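Student: The structure that follows is given in the form of structure tokens.
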Amino acid sequence: MLNGLTRHVPITTDPDAAEAIERVILEEGPETVAAVFLEPVQNSGGCFVPFDGYWQRVREICDEYGVLLVSDEVICAFGRLGTWFGGHKFDYVPDMITFAKGATSGYAPLGGVITRPHIAEAVKEGGDLFWHGITFGGHPVSCAVALANIEAMDAEGIVDHAARHQDLFREKLETLLEHPIAAEVRGTGYFYAVELQKDPERGIPFNSEEAADIVARLKPVLLRLGMIARADGRGAPILQYSPPLIAGPDEFDEIVRISREALDIAWAEMQADGGA
Ligand SMILES: Cc1ncc(COP(=O)(O)O)c(C=O)c1O
């Protein structure tokens, strides 16, 4: 965050992504930079997994310039990656974690922030309360739901279940690569994207008009076939999956079957209409 503004750097799979963060900090002046916000696995554009050493290098950079490292885990925390938090998956310790969805498994609305002790201490200097008005902040029902949810996940071994089945999920999704417009499967845990291209064999992407077209066709077909999955066209078109953490082999088969059928229908319609 820079003078109240935000600057973006390349996605985590770009080999230059960590160094780009250092360059931005230096350009802006380290004393003006409050924090670097990163997702363990980037959602936008479709489940970009960082390269080995990315988080460690960013941690080093943040430490060198006295900048907070915030792990935005609104999507990734509470089992989505087959671990409780991103730091468990990629071996780093952030200064802060933002979380939401998975804390209650979506049964009640709740968002929150976890900080390292020295940050909490700084906030508590003025008393035990963080003076920031949020109408429903600390809502007791949502907090009770989160506690019950986390207890149930723990007791039922839900995160372990996801960790044990994640490779199978990937294997099943990779069978979609036989489809003529499925170009790449990427992600980890229970968080995956399939990137679509016009002609993967020759590396020909959809142009922006075609991308919007295939996404618009896929959305209603997926729903009609009974699956809630994101079809997104910001950048290359993707089909994106974030299944319930209790999903297993039968659900993976259903996900793949419906995906294949939806791709068949949307692609055939698009070609018949002269859209590609
Ligand atoms: C990665 C990520 N960060 C932050 C947010 C915003 O979270 P909230 O709506 O709880 O403020 C979202 C919302 O989907 C998200 O996906």
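In terms of this note's numbering, the sequence shown opens at residue 1324 and continues consecutively. Glycine is no exception: its CB is placed at the ideal position from the N, C-alpha and C atoms. Just so we're clear, the structure is a prediction, and the values are computed from it rather than from any experiment.
#1: Run through DSSP, which three-state label would F1422 get?
#2: Distance check for A1358 and L1325, CA to CA, integer angstroms please.
#3: Measure the alpha-carbon distance for T1498 versus V1579 and round it to whole angstroms.
#4: On the DSSP bridge assignment, give the partners of I1561 in chain order.
#5: Apart from the five residues on each side of it in sequence, which residues of its chain come closer than 7 Å, Cβ to Cβ, to G1510?
#6: Using only CA atoms, which one of H1331, F1374 and R1380 lies nearest to V1356?
#7: I'd like to know whether the C-beta atoms of N1472 and T1427 end up nearer to each other than 8 Å.
#8: Considering only their Cβ atoms, is the gap separating A1505 from P1528 smaller than 8 Å?
#9: Could you have a look at R1403 and say whether DSSP puts it in helix, strand or coil?
#10: Relative to the C-alpha of T1329, which candidate in F1422, E1577, G1526 and I1348 has its C-alpha closest?
#11: Mind checking which residues open and close the beta strand (DSSP E) that includes E1507?
#12: Note down the Cα distance separating E1592 from I1551, rounded to an integer number of angstroms.
#13: Give the C-beta separation of Y1513 and R1403 to the nearest angstrom, bearing in mind that I take them to be a contact with Cβ-Cβ under 8 Å.
#14: Kindly indicate which residue of A1467, V1482 and E1577 has the alpha-carbon position closest to the one of D1432.
#15: Could you tell me if T1406 is buried or exposed, where buried requires 16 or more neighbouring beta carbons within 10 angstroms of its beta carbon?
#16: According to DSSP, is L1361 part of a helix, a strand, or is it coil?
#17: For a test of the three-state rule: what should DSSP assign to L1548, helix, strand or coil?
#18: For ligand 3, I want to know if V1332 counts as a neighbour, meaning its beta carbon is within less than 7 Å of at least one of the ligand's heavy atoms.
#19: Applying the 10 Å Cβ sphere with the 16-neighbour rule, what's the burial state of Q1379?
#20: Report yes if the C-beta of G1510 is less than 7 Å from at least one heavy atom of ligand 1; otherwise report no.
Tutor: If we stick to the structure as given:
#1: strand
#2: Confidence at L1325 is low in this model, with a pLDDT of 49, below 50, so the placement of that residue should be treated as unreliable; the coordinate-derived value is given next. Those two C-alpha atoms are separated by around 8 Å.
#3: If I take the Cα positions, the gap works out to 8 Å.
#4: Beta-bridge analysis with DSSP links I1561 to E1518 and D1555.
#5: V1364, C1370, V1372 and A1516
#6: H1331
#7: yes
#8: no
#9: coil
#10: I1348
#11: A1505 to T1511
#12: 20 Å
#13: 6 Å
#14: One point to set straight first is that residue 1432 is Pro, not Asp, in the sequence displayed. The option with the nearest alpha carbon to P1432 is A1467.
#15: buried
#16: strand
#17: coil
#18: This structure simply doesn't include ligand 3; it includes ligand 1 instead.
#19: exposed
#20: no
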